[in-house]
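Here our numbering is used: position 128 in the sequence shown is 414, and no number is missing along the way. Every residue, glycine too, gets a C-beta built ideally from N, C-alpha and C. First comes the structure, then the notes that go with it.
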Amino acid sequence: MAICGDLIEQMKELKAERAGLQEELKYASTGEKGGIASQIKQLNILIAAKQKELDACIEKNTPPPARDPFAACKSLHENIDSLLLERATLQEDLKNADPGQKAIIAAQIKKLNGQIAPIVKEFESCMLSHGGKLDLKSAFKVNATLTTTHPDAPGPFFQTIKIDLIFFRWDHRKFGIVNFPPIIPPPFDTPFGQNTTTVSLINVAQCDFDPSNGKLTTNVTLHFDHSLIIAGNSDINIFLSTSSPLDASGAITLEGSGTFEGGFLSEHIGSLVLEGAITPLP
Numbered sequence: 287m288a289i290c291g292d293l294i295e296q297m298k299e300l301k302a303e304r305a306g307l308q309e310e311l312k313y314a315s316t317g318e319k320g321g322i323a324s325q326i327k328q329l330n331i332l333i334a335a336k337q338k339e340l341d342a343c344i345e346k347n348t349p350p351p352a353r354d355p356f357a358a359c360k361s362l363h364e365n366i367d368s369l370l371l372e373r374a375t376l377q378e379d380l381k382n383a384d385p386g387q388k389a390i391i392a393a394q395i396k397k398l399n400g401q402i403a404p405i406v407k408e409f410e411s412c413m414l415s416h417g418g419k420l421d422l423k424s425a426f427k428v429n430a431t432l433t434t435t436h437p438d439a440p441g442p443f444f445q446t447i448k449i450d451l452i453f454f455r456w457d458h459r460k461f462g463i464v465n466f467p468p469i470i471p472p473p474f475d476t477p478f479g480q481n482t483t484t485v486s487l488i489n490v491a492q493c494d495f496d497p498s499n500g501k502l503t504t505n506v507t508l509h510f511d512h513s514l515i516i517a518g519n520s521d522i523n524i525f526l527s528t529s530s531p532l533d534a535s536g537a538i539t540l541e542g543s544g545t546f547e548g549g550f551l552s553e554h555i556g557s558l559v560l561e562g563a564i565t566p567l568p
């Protein structure tokens, strides 16, 4: 713990000094042993006092354990699940009910809706009061860098974009990509003429965030639309992981690689680096 660093260093020095004296004691003459033993005894007293001081520092500056809102609100969540299951069953029954039964089932569903709404409100209040977080919309402003192993399109291709994210309630451990603007690198020459590529996001999966280490991971599929018809379009699936974790300023770097499918890039490797900052912080 950085805030108690000075005390930790002092402890190390005292223990090193004691270890040195203990080593000297092994080979000291009979007349010297008493003096060295006395020094070790005095060091033991200093070390014990310093340890108490260090323990107090750590205790004072250790943040309280993170609260688990799900544990605190478990019974409400289970109650909601039970009522939702009951409603889903009635809604299924309603589809196949006789005309004479439909009104009865509809009334039961309406009654359940009236029971569910206040419990949901109570659950949300419970989650917030125990440290739960609401959905958070954040902007990820990045410098995107694309490279490929194709000799006619090696890159690197650079572009600055703003990716819109949403970190989902109640703990922000899951997030979604709301908007991923097209990446359009500058035109480049090929044996068939000049080509312009528009890179678009077509699928997102497995969006996870670990607040304990500031790491994000996501799996994205990108579509490469080439202006040269003869080039053929390409898709690539890239698992993006964190190479530089999210820090207090929001700075973070994600990177990953994959293999292209389709078009002239087929079977070549593509790599993407997203270096930027997320604000506000999840």
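Of the other Cβ atoms in all chains shown, fewer than 16 fall within 10 Å of the Cβ of Ser415; this residue is therefore exposed.
Rounded to whole angstroms, the separation of the alpha carbons of Pro355 and Phe426 is 27 Å. Nearest Cα to Ile322 within the set Thr483, Pro385, Glu309: Glu309. Secondary structure in the stretch 450-481: the beta strand (DSSP E) runs of 3 residues or longer, each lying completely within the stretch, are 461-465, 474-476, 479-481 in chain order. Per DSSP, Asp292 lies in no beta strand (DSSP E); the unbroken alpha helix (DSSP H) holding it starts and ends at 291-313.
The three-state reading of DSSP puts Thr316 in helix, counting H, G and I together. With a cutoff of 8 Å on beta-carbon distance, Ile469 and Ala430 are scored as near each other. Shown here, Leu567 sits in coil according to DSSP, grouped into three states, outside any helix or strand.
The beta carbon of Pro497 is closer than 8 Å to those of Asp457, His458, Arg459, Pro568 in its chain, skipping five residues each way along the sequence.
By the C-beta criterion, the stretch 510-526 is judged to be in contact with the stretch 535-555, since at least 3 inter-stretch pairs fall below 8 Å.
Note on geometry: alpha-carbon atoms of Lys336 and Lys301 lie some 11 Å from one another. Lys327 and Pro531 have their C-alpha atoms some 46 Å from each other.
The straight-line gap separating the alpha-carbon atoms of Tyr313 and Asn330 is approximately 20 Å. Here Lys319 has Leu311 as same chain residues with Cβ atoms under 8 Å from its own Cβ, once five neighbours each way along the sequence are excluded. In the structure shown, Thr375 falls within a helical segment according to DSSP collapsed to helix, strand and coil. Under DSSP, Phe356 forms no beta bridge with any residue.
Out of His554, Gln325, Phe461, the CA that lies nearest to the CA of Ala439 is found in His554.
Beyond the five residues adjoining it in sequence on each side, Arg373 comes within less than 8 Å, by CB distance, of Ile395, Leu398, Asn399, Ile402 in the same chain, given in chain order. Judged by DSSP in its simplified three-state form, Asp341 adopts helix. DSSP places Ser415 within a helical segment (H, G or I) once states are collapsed to three. Nearest in C-alpha terms to Ile564, of all of Gly291, Leu422, Leu508, Phe478, is Leu422. Inter-segment contact for the stretch 475-491 and the stretch 500-514 is present: three or more beta-carbon pairs are separated by less than 8 Å. The beta carbons of Cys493 and Phe461 sit about 5 Å from each other, so the pair counts as a contact at 8 Å.
For Thr348, there is no enclosing beta strand (DSSP E), as DSSP marks it with neither H nor E.
Listed in chain order, the non-local C-beta contacts of Ile405 below 8 Å within the same chain comprise Leu362, Asn365, Ile366, Leu369, local neighbours out to five positions each way being set aside. Cβ-Cβ separation between Leu560 and Val464: approximately 15 Å, too far for a contact (criterion under 8 Å). Distances from the CA of Gly441 to each of Ala534, Asp475, Ile447, Phe453 were compared; the closest alpha carbon is that of Asp475. DSSP places Ser361 in the helix class (H, G or I) of the three-state scheme.
The DSSP-derived three-state label of Asn499 is coil. In the three-state scheme derived from DSSP, where H, G and I count as helix and E and B as strand, Asp367 is classed as helix.
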